[in-house]
Amino acid sequence: MKILTFRAAIAAVSLVALAPAVLAAPAQGDAPITEAELAGHMKTLSSDAFEGRGPGTEGEDRTIAYIVGEWAKAGLEAVPGSATPWLQGVPLIETQATGGTAKFKVKGRDFPVGEDGIVLTGRDAAVSLTDLPLVFVGYGIDGAGQVKADVRGKVAVMLYENAPFGDKLPRYRERRQMLADAGASAVLVIATDADLWEQIRHSLGGKTTRLASAKTGAPVTGFLSPAAADALFAKAGQSGDALRGGAKAADYAGAELPVAVDLATTSVVRPYQSNNIIAKLPGAKPDGKAVLFLGHWDHLGICAPDDAKDRICNGAVDNASGIAVLIEVAKRLASGARPDRDIYFMATTSEEKGLLGAHYFAEHPVVPLADITVALNIDTIAISPRGTPVATIGRGKPAYDAVVREVATKLGRKMDDDGEADAFVQRQDGWALGAKGVTSLMVGGSFSDMPLLEKFLGSDYHGPADEFSDKVPLGGAAEDADLHVALGRAFADTKRWAGK
Numbered sequence: 000m001k002i003l004t005f006r007a008a009i010a011a012v013s014l015v016a017l018a019p020a021v022l023a024a025p026a027q028g029d030a031p032i033t034e035a036e037l038a039g040h041m042k043t044l045s046s047d048a049f050e051g052r053g054p055g056t057e058g059e060d061r062t063i064a065y066i067v068g069e070w071a072k073a074g075l076e077a078v079p080g081s082a083t084p085w086l087q088g089v090p091l092i093e094t095q096a097t098g099g100t101a102k103f104k105v106k107g108r109d110f111p112v113g114e115d116g117i118v119l120t121g122r123d124a125a126v127s128l129t130d131l132p133l134v135f136v137g138y139g140i141d142g143a144g145q146v147k148a149d150v151r152g153k154v155a156v157m158l159y160e161n162a163p164f165g166d167k168l169p170r171y172r173e174r175r176q177m178l179a180d181a182g183a184s185a186v187l188v189i190a191t192d193a194d195l196w197e198q199i200r201h202s203l204g205g206k207t208t209r210l211a212s213a214k215t216g217a218p219v220t221g222f223l224s225p226a227a228a229d230a231l232f233a234k235a236g237q238s239g240d241a242l243r244g245g246a247k248a249a250d251y252a253g254a255e256l257p258v259a260v261d262l263a264t265t266s267v268v269r270p271y272q273s274n275n276i277i278a279k280l281p282g283a284k285p286d287g288k289a290v291l292f293l294g295h296w297d298h299l300g301i302c303a304p305d306d307a308k309d310r311i312c313n314g315a316v317d318n319a320s321g322i323a324v325l326i327e328v329a330k331r332l333a334s335g336a337r338p339d340r341d342i343y344f345m346a347t348t349s350e351e352k353g354l355l356g357a358h359y360f361a362e363h364p365v366v367p368l369a370d371i372t373v374a375l376n377i378d379t380i381a382i383s384p385r386g387t388p389v390a391t392i393g394r395g396k397p398a399y400d401a402v403v404r405e406v407a408t409k410l411g412r413k414m415d416d417d418g419e420a421d422a423f424v425q426r427q428d429g430w431a432l433g434a435k436g437v438t439s440l441m442v443g444g445s446f447s448d449m450p451l452l453e454k455f456l457g458s459d460y461h462g463p464a465d466e467f468s469d470k471v472p473l474g475g476a477a478e479d480a481d482l483h484v485a486l487g488r489a490f491a492d493t494k495r496w497a498g499k
């Protein structure tokens, strides 16, 4: 297969746009999306030629070329007024740690924490901090979502997992930033368990990325393994279990420990630009409201050491599967009866680095956020078999829930209302839009069958094994793709949906 650069692809798309328009005859109904159609896109996007679709790499160029080419063939258009057609530039800053040391003194005595127990990243090219007090801050915030502990000039040690109190409190990245805003000189996050620690060591490896426009974080950030944290707590005369238990109180204000810390880091700081890919399907009867489909195109790129047998995290399920669905949904909606409202399709960058592309779009929307009647996010969709009930991440608004239920029922799907999927609401791009008041839903079977999802998250997820093969279940993905076509038609129908 010939791989074009995204510049060549956009040039080719421009030529297509000049050709006479050929419109498909309105269909009586949308043809089902097949497993073979999804497989074709997934094989290409997760092939080694795309190098794991890392932002700012040749893999990004190839991904852009492929998605733009497919959307243009489907009849979608570039969003008017964009500086580069089809693309929204997202300025990023990557910080790659080149060295880091942490020296802990407990009650005046040295306490070593080995390299296998800590990962550090400095905000600047060189950072040196000495004799910092250490405070355990639990989840970093109280039940009102505010920093309660005194962290100014200190090392704040925070738990990774979500707080068990409050409603929709921020995840660890936002809490880490809040601690930095409160004056913490360093923030160390304790991994939840050994599996997460290994994922962090392999996928992060001392590398962080932020939006160029974002607030600066603490001078030093990092992660501690659970074993290293517990050993440090024990040396300081505290039980790790007791500290974690106390932190579950909504008014927890932190515990300062008899620990002093010296931190030194060196880093390479690289500004670069990645891109959201955005296309428009003009409506037949636009009324000022729009439907937005989105899914992240990025994955972890070349993620393993030079001596590894397989160095590429290909991201077949996460999230070549979602992009495959976005492409086929666009084809059905563009080739059948034209929906009333405008429909936008967006493939976001840097979801894996903290929903960065989605956050950037939310801050710099190419379509007014108030005009988006619903955003439908598609992520990690190739998990479940046909017949899996439909779960909704972001449910809770009766009018929207009723549309989802009606559409799913007409397709012969059952609803899963047990609420287990709610745990993932902050772990997907819709969260960035929801924070700005856009109703954002993630609908389908992947987050309904928790044992299957947890099996994937505990095995192939974020590793080189997430490759396309005949073992990837596509039946549920095809059903969910048809569901999204139907949802797009429902929410874009001015008579059926009032555009709340």
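Numbering of the sequence shown is given in numbering that gives the first Met the number 0, commencing with residue 0 and proceeding in unit increments.
Beta carbons are placed, not taken as given, at the ideal position from N, Cα and C, and that holds for glycine.
Since we're looking at a predicted model, the values are computed, not measured.
Assigned exposure category for residue i - 16 Cβ within 10 Å defines buried
i, result
"Asp130", "exposed"
"Val156", "buried"
"Gly462", "buried"
"Lys413", "exposed"
"His295", "buried"
"Gln145", "exposed"
"Val323", "Before going on, a small fix: residue 323 reads as Ala here, not Val. Classification for Ala323: buried."
"His298", "buried"
"Ala464", "exposed"
"Glu69", "buried"
"Pro84", "buried"
"Arg358", "What sits at residue 358 in the sequence shown is His, not Arg. Result: buried."
Whole-angstrom distance between residue j and residue i, CA atom to CA atom
i, j, result
"Gly436", "Pro367", "12 Å"
"Gly474", "Ser383", "7 Å"
"Arg52", "Leu158", "30 Å"
"Phe423", "Thr391", "10 Å"
"Ala193", "Thr97", "24 Å"
"Gly55", "Tyr271", "7 Å"
"Tyr399", "Cys312", "36 Å"
"Lys247", "Ala162", "7 Å"
"Lys330", "Met41", "16 Å"
"Pro90", "Ser212", "8 Å"
"Thr379", "Val105", "44 Å"
"Gly165", "Val403", "27 Å"
"Ala20", "Ala73", "With a pLDDT of 35 at Ala20, under the threshold of 50, the modelled position of that residue is not reliable, and the figure given next carries that caveat. Distance between the alpha carbons of Ala20 and Ala73 is about 12 Å."
"Gly411", "Ala401", "15 Å"
"Leu168", "Gln425", "9 Å"
"Glu350", "Gly107", "42 Å"
"Leu187", "Gly80", "43 Å"
"Ser334", "Ala35", "19 Å"
"Gly353", "Arg209", "8 Å"
"Gly429", "Lys234", "42 Å"
"Thr4", "Val484", "Here the model assigns Thr4 a pLDDT of 49, short of 50, so the residue's position is not dependable, and the following value carries that caveat. Computed Cα separation, rounded: 30 Å."
"Glu500", "Ala30", "Outside the shown range of the chain (0 to 499) lies residue 500, about which nothing can therefore be said."
Residues near residue i by beta carbon distance below 7 Å, same chain, minus five either side
i, result
"Val150", "Val134, Val136, Leu178, Ala181, Gly182 and Ala183"
"Ala226", "Gly116"
"Phe103", "Phe110, Val112, Leu231, Val258 and Val260"
"Phe455", "Val316 and Ile382"
"Gln427", "Asn376, Asp378, Ile392 and Met441"
"Met449", "Glu419"
"Pro472", "Ala381, Ile382, Ser383 and Pro384"
"His363", "none"
Beta-carbon proximity list for residue i, same chain, < 8 Å, skipping 5 on both sides
i, result
"Thr372", "Lys288, Ala289, Val290, Arg340, Thr438, Phe490, Trp496, Gly498 and Lys499"
"Lys147", "Ile140, Asp141, Asp250, Tyr251, Ala252 and Gly253"
"Lys520", "Within the shown structure, residues of the chain are numbered from 0 to 499, placing residue 520 beyond reach of any answer."
"Lys284", "Asp339, Arg340 and Thr493"
"Ala82", "Gly88"
Cβ separation of residue i and residue j, assumed to be a contact under 8 Å, to the nearest whole Å
i, j, result
"Leu75", "Leu280", "5 Å"
"Arg174", "Tyr138", "7 Å"
"Leu223", "Gln237", "14 Å between Cβ atoms; not a contact."
"Gly444", "Glu50", "Incorrect: roughly 30 Å between the Cβ atoms, too far for contact."
Endpoints, alpha helix (DSSP H) assigned at residue i
i, result
"Ser320", "Ser320 to Ser334"
"Asp400", "Pro397 to Lys409"
"Leu456", "Met449 to Leu456"
"Ala361", "Leu355 to Glu362"
"Pro225", "Pro225 to Lys234"
"Ile371", "Careful: Ile371 lies outside any alpha helix (DSSP H), inside the beta strand (DSSP E) at Ile371 to Asn376."
"His40", "Glu34 to Leu44"
"Gly113", "Unbroken run through Gly113: none, as it is neither H nor E."
Extent of the continuous beta strand (DSSP E) run through residue i
i, result
"Tyr343", "Asp341 to Thr347"
"Gln95", "Leu86 to Val105"
"Val258", "Ala254 to Leu280"
Residues of its chain near residue i, where Cβ-Cβ distance is below 6 Å and the 5 sequence neighbours each way are ignored
i, result
"Ile66", "Ile276 and Ala346"
"Asp492", "Asp339"
"Ala319", "Met41, Leu44 and Ser45"
"Ala26", "Confidence at Ala26 is low in this model, with a pLDDT of 38, below 50, so its placement is unreliable and the value that follows should be read with caution. Hits under 6 Å: Gly335."
"Ser447", "Thr387, Pro388, Ala390 and Asp415"
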